[in-house]
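All remarks here apply to the structure that follows.
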Amino acid sequence: MAEEQLSFQAEVTRLLDIVAHSLYSEKEVFLRELISNASDACDRLRYAALTQPDLLEDAPDFEIRLIVDQESRTLTVTDNGIGMNRSDLVENLGTIARSGSLDFLSKLGTDQHGDVSLIGQFGVGFYAAFMVADRVEVLSRRAGEPESWRWTSDGKGSFSIGEAAESLPRGTQVVLHLKEDAGDYLEETRLSRVIQTYSDHIGLPIRFGTGADARTLNKASALWTRSRNEITVDQYKEFYHHVSHAFDEPWLTLHWRAEGKLEYTGLLFVPSNKPFDLFDPRRSHRVKLYVRRVFITDEAEGLVPSWLRFLRGVIDSEDLPLNVSREMLQNNPVVTRIRAGLTKRVLGELEKTAADSENADAYRRFWTDFGAVVKEGLYEDSEHRDTLLKIARFRSTRGDQLISLDDYVAEMKEGQEAIYFLSGDDSETLVRSPQLEGFRARGVEVLFLTDPVDEFWVPIVGSYQDKALTSVTRAGVDLAKIATKDSAAGDGASAETTDETPAEGAGIDHLISLFKLTLGDAVKDVRTSVRLTDSAVCLVSDEGDMDIHLERLLKQHRQLSVGPAKRILELNPTHSLIRSLADRANTEGSGDTLADLAWLLLDQARIVEGEPPPDPSAFARRLAEALEKSLI
Ligand code: ADP
Ligand code: MG
Numbered sequence: 002m003a004e005e006q007l008s009f010q011a012e013v014t015r016l017l018d019i020v021a022h023s024l025y026s027e028k029e030v031f032l033r034e035l036i037s038n039a040s041d042a043c044d045r046l047r048y049a050a051l052t053q054p055d056l057l058e059d060a061p062d063f064e065i066r067l068i069v070d071q072e073s074r075t076l077t078v079t080d081n082g083i084g085m086n087r088s089d090l091v092e093n094l095g096t097i098a099r100s101g102s103l104d105f106l107s108k109l110g111t112d113q114h115g116d117v118s119l120i121g122q123f124g125v126g127f128y129a130a131f132m133v134a135d136r137v138e139v140l141s142r143r144a145g146e147p148e149s150w151r152w153t154s155d156g157k158g159s160f161s162i163g164e165a166a167e168s169l170p171r172g173t174q175v176v177l178h179l180k181e182d183a184g185d186y187l188e189e190t191r192l193s194r195v196i197q198t199y200s201d202h203i204g205l206p207i208r209f210g211t212g213a214d215a216r217t218l219n220k221a222s223a224l225w226t227r228s229r230n231e232i233t234v235d236q237y238k239e240f241y242h243h244v245s246h247a248f249d250e251p252w253l254t255l256h257w258r259a260e261g262k263l264e265y266t267g268l269l270f271v272p273s274n275k276p277f278d279l280f281d282p283r284r285s286h287r288v289k290l291y292v293r294r295v296f297i298t299d300e301a302e303g304l305v306p307s308w309l310r311f312l313r314g315v316i317d318s319e320d321l322p323l324n325v326s327r328e329m330l331q332n333n334p335v336v337t338r339i340r341a342g343l344t345k346r347v348l349g350e351l352e353k354t355a356a357d358s359e360n361a362d363a364y365r366r367f368w369t370d371f372g373a374v375v376k377e378g379l380y381e382d383s384e385h386r387d388t389l390l391k392i393a394r395f396r397s398t399r400g401d402q403l404i405s406l407d408d409y410v411a412e413m414k415e416g417q418e419a420i421y422f423l424s425g426d427d428s429e430t431l432v433r434s435p436q437l438e439g440f441r442a443r444g445v446e447v448l449f450l451t452d453p454v455d456e457f458w459v460p461i462v463g464s465y466q467d468k469a470l471t472s473v474t475r476a477g478v479d480l481a482k483i484a485t486k487d488s489a490a491g492d493g494a495s496a497e498t499t500d501e502t503p504a505e506g507a508g509i510d511h512l513i514s515l516f517k518l519t520l521g522d523a524v525k526d527v528r529t530s531v532r533l534t535d536s537a538v539c540l541v542s543d544e545g546d547m548d549i550h551l552e553r554l555l556k557q558h559r560q561l562s563v564g565p566a567k568r569i570l571e572l573n574p575t576h577s578l579i580r581s582l583a584d585r586a587n588t589e590g591s592g593d594t595l596a597d598l599a600w601l602l603l604d605q606a607r608i609v610e611g612e613p614p615p616d617p618s619a620f621a622r623r624l625a626e627a628l629e630k631s632l633i
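Everything in the sequence shown is counted per our numbering, starting at 2 for the first residue and increasing by one.
This is how it looks when you write it as structure tokens:
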């Protein structure tokens with residue numbers, strides 16, 4: 002077949018442009034990327050050969066080789082892995098399939114050249130080859146297929162592809178025609194240093210040269226099979242970059258060997274940056290499953306609970322059969338037991354970190370990024386509920402810090418029986434909610450629940466240490482038992498509250514019945530409020546009715562099967578506006594003005610809850626009239 006010229010996808014061209022302008026110091030990472038690809042390719046063939054041993058032909062041992070040619074100034078990275086056929090080459094090397102590179106582009110933003118030093122931290126995959134080469138040739142033959150292919154490009158907008166001049170061994174050779182200033186990658190010592198820095202964890206031998214005097218540049222044993230005290234922090238980090246295709250620092254590294262009835266090795270990482278697909282609806286994890294050093298899959302269903310899907314790394318089982326198919330892994334009892342083991346491990350480590358005051362800031366950062374995912378475990382996995390409630394952190398009226406439920410309980414006021422929360426879209430809005438006034442006045446802390454997942458676990462979990470989790474927007478909230486700060490300071494706290502309430506209550510009875518009559522079906526009830534101190538009115542939900550925020554959330558997602566529940570309008574009997582309205586109701590009885598004001602106050606309460614008035618023009622008319630009267 003004749004050679005064909007094809008264009009790169011636009012994103013690739015942009016990436017290549019950035020790569021070409023990268024700084025010298027980061028260039029060596031090109032080798033990390035090519036070795037990582039070579040190793041992945043060997044893993045994939047090893048797996049395929051479990052069911053199709055013929056694919057291995059006469060070369061069952063996998064290896065990676067670096068070959069230099071001083072004369073033609075080329076460095077070739079060779080592997081005998083799965084290889085690529087024509088469409089693989091076009092697809093894999095002409096478009097960006099991988100998350101890492103797309104993530105890199107989006108981090109750079111719209112700035113054409115941006116901060117190119119980011120390349121070192123991200124890894125732009127195969128295209129990194131163009132940092133050191135002005136021309137790259139990829140020669141490849143896919144295992145089990147007869148045709149050999151040659152892909153070549155100078156990284157400027159297009160590549161050519163055609164049949165290779167001669168028949169190739171299985172696998173891939175990446176030939177780099179080194180740039181003028183990249184001559185040091187022809188030296189063994191330089192290459193050896195780069196391999197040691199970035200690729201020592203690779204489980205296959207990486208050899209330098211051809212034939213009998215080839216030297217192995219790495220330890221050539223899979224990192225997780227080595228003992229912990231032989232592994233440096235940097236080696237763990239490079240391995241994390243390799244398995245996760247991410248280039249941040251691992252926040253937590255767990256490496257352990259389970260022995261006895263169940264034998265496996267785990268090397269798992271919690272990233273320090275949120276992976277971009279964390280909230281992908283499939284909620285699938287990316288931990289790689291190996292069986293006795295052979296890569297099986299990175300999609301083993303059930304290996305990792307979906308509420309720990311941010312974990313990256315490797316599980317290597319001694320118990321599963323090597324010929325296990327991906328389908329056989331579903332509901333496999335060994336996999337289930339490994340999941341139980343690793344979940345306990347990870348939770349134990351998180352609990353330890355959460356309890357360690359030296360790590361407090363780091364733990365809060367972790368929780369800010371991953372807490373919303375971890376909380377899914379509260380309703381999916383009742384078995385771990387207690388631990389999860391211990392490690393959960395919340396924003397609250399206390400201030401900017403994140404607190405635990407234990408912190409909350411420790412500060413509960415005398416007479417306070419419940420753990421109060423307010424849910425909404427973000428804590429900045431919640432802080433200003435009038436619903437909180439009565440709680441503030443009594444120094445009662447309120448948790449802010451701002452993740453959609455909170456609406457699901459709270460009703461299921463119900464309480465913590467026998468203290469009911471109670472929304473402050475519920476009608477039944479019993480604040481009267483807790484003294485306000487002011488009254489507590491004086492003598493006989495409770496006496497003062499009881500003195501006051503009936504007097505005020507009697508005063509506004511008439512107003513309340515007037516409001517009820519006017520508003521009719523628009524509200525469920527009208528009552529005096531103990532929760533307000535500064536605002537005149539607010540809306541609350543009745544016991545047993547859906548929380549206001551949940552209802553809005555479901556409405557947004559079109560998941561609401563019933564009509565919206567009616568709310569209770571609460572009036573603040575100590576507010577001067579309510580007091581003068583009450584006086585007016587007592588002296589003048591009903592009238593159009595009072596009726597209009599009832600509607601206005603209801604709309605005002607709705608607006609504060611984030612709901613628009615259902616009849617904006619009526620609202621505007623009443624507001625204009627009220628303003629006009631106040632001016633006359
Ligand atoms: P990533 O490794 O993150 O997928 P790369 O840009 O490094 O992204 O590589 C793109 C794709 O090209 C790989 O996913 C793989 O399918 C293919 N590829 C690259 N190098 C090789 C190789 N040596 N052997 C087989 N396939 C390869
Ligand atoms: Mg890669």
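From the three backbone atoms N, C-alpha and C, an ideal C-beta is built for every residue, glycine too.
If you're wondering where the values come from, they're calculated on a predicted model, not measured in any experiment.
Check: If you follow the alpha helix (DSSP H) that GLN557 is part of, which residue opens it and which one closes it?
Finding: 549-557
Next item on the list: State the DSSP-derived secondary structure class of PHE440, mapped to helix, strand or coil.
Entry: helix
Next item on the list: Could you say if the stretch 332-342 and the stretch 357-365 meet the contact criterion of at least three C-beta pairs nearer than 8 Å?
Entry: no
Next item on the list: Compute the Euclidean distance between the alpha carbons of ARG346 and VAL295, then round it to the nearest angstrom.
Entry: 23 Å
Check: Do the CB positions of TRP225 and PHE240 come within less than 9 Å of each other?
Finding: yes
Note to self: Please tell me whether ASP597 and GLU552 are closer than 9 Å, where the distance is taken between their beta carbons.
What the structure shows: no
Next item on the list: Using the Cα positions of GLY303 and THR344, report the straight-line distance between them to the nearest angstrom.
Entry: 11 Å
Note to self: Please tell me whether VAL288 and LEU269 are closer than 9 Å, where the distance is taken between their beta carbons.
What the structure shows: yes
Notebook entry, point to check: Can you name the start and end residues of the alpha helix (DSSP H) that THR266 belongs to?
Noted result: Counting along the chain, THR266 falls outside any alpha helix (DSSP H), though it belongs to the beta strand (DSSP E) covering 265-272.
Item checked: Own chain residues within Cβ distance below 6 Å of LEU601, not counting five before or after -> ARG623
Margin query: If contacts are defined as beta-carbon pairs under 8 Å, then ASP90 and ILE162 qualify, I think. What distance do you get, rounded to the angstrom?
Written below: Checking the sequence, you will find Leu at residue 90 rather than Asp. The pair is a contact, with the Cβ atoms about 6 Å apart (cut-off 8 Å).
Next item on the list: Starting from the C-beta of LEU403, find all residues in its chain whose C-beta is less than 7 Å away, skip the five residues before and the five after it, and write them out in chain order.
Entry: ARG365, TRP368, ARG394, PHE395, ARG396
Note to self: DSSP three-state label for LYS289, please.
What the structure shows: strand
Notebook entry, point to check: How is SER618 classed by DSSP in three states: helix, strand or coil?
Noted result: helix
Checklist line | Own chain, CB closer than 8 Å to ILE513, minus 5 neighbours either side, in chain order | finding: VAL527, ARG528, THR529, LEU572
Margin query: Checking the sheet assignment: what are the DSSP bridge partners for TYR465?
Written below: LYS468
Notebook entry, point to check: Assuming ARG273 and TRP252 make a contact with CB atoms under 8 Å, what is their CB distance in whole Å?
Noted result: The sequence as given places Ser at residue 273; Arg does not occur at that position. Confirmed, Cβ separation roughly 4 Å.
Notebook entry, point to check: Cα separation between HIS242 and TRP152?
Noted result: 27 Å
Next item on the list: Check each candidate in LEU578, GLU438, ALA129, LEU431 and name the one with the smallest Cα separation from LEU16.
Entry: ALA129
Check: Going along the chain, which residues of its own chain have a beta-carbon closer than 6 Å to the beta-carbon of THR499, five neighbours each way excluded?
Finding: Bear in mind that the predicted position of THR499 carries a pLDDT of just 40, short of 50, making it too unreliable to give a figure here.
Margin query: Give me, in chain order, the residues of the same chain whose beta-carbon lies closer than 6 Å to that of ALA183; leave out the 5 immediate sequence neighbours on both sides.
Written below: VAL133
Check: Nearest CA to the CA of LYS391: which residue from VAL375, LYS28, GLN236, GLY84?
Finding: VAL375
Margin query: Please report the straight-line C-alpha distance between GLY378 and PHE449, rounded to a whole angstrom.
Written below: 19 Å
Checklist line | Distance between beta carbons of LYS525 and ARG568, contact taken as under 8 Å | finding: 6 Å
Next item on the list: Could you have a look at ASP281 and say whether DSSP puts it in helix, strand or coil?
Entry: coil
Check: Beta carbon of GLU250: closer than 8 Å to some heavy atom of the ligand MG?
Finding: no
Notebook entry, point to check: What three-state label does DSSP hand THR478 in the structure shown?
Noted result: Note on residue identity: the sequence assigns Val, not Thr, to residue 478. Note: VAL478 maps to coil in three-state DSSP.
Next item on the list: Buried or exposed for MET329, please, with buried defined as at least 16 other CB atoms from any protein chain shown within 10 angstroms of its CB.
Entry: exposed
Next item on the list: For GLU359, collect the residues of the same chain with a Cβ closer than 6 Å to its Cβ; drop the 5 residues on either side in sequence, then sort them by chain order.
Entry: none
Next item on the list: Compute every distance between the C-beta of PHE127 and the non-hydrogen atoms of the ligand MG, then say whether any falls below 8 Å.
Entry: yes
Note to self: Among the candidates PRO306, TYR291, GLU610, whose CA atom is the shortest distance from the CA of ARG340?
What the structure shows: PRO306
Note to self: If the criterion is Cβ atoms closer than 9 Å, does the pair LEU423 and SER434 meet it?
What the structure shows: yes
Next item on the list: Just list the alpha helix (DSSP H) runs in the stretch 377-460, keeping only unbroken ones of 4 residues or longer that don't cross its boundaries, in chain order.
Entry: 377-381, 386-392, 406-411, 428-431, 438-442
Checklist line | Alpha carbon of GLU589 to alpha carbon of ALA537, nearest angstrom | finding: 21 Å
Check: Which class does PRO334 belong to by DSSP, given the choice of helix, strand or coil?
Finding: helix
Checklist line | Test item: CB-CB of ARG74 and LEU179 under 9 Å | finding: yes
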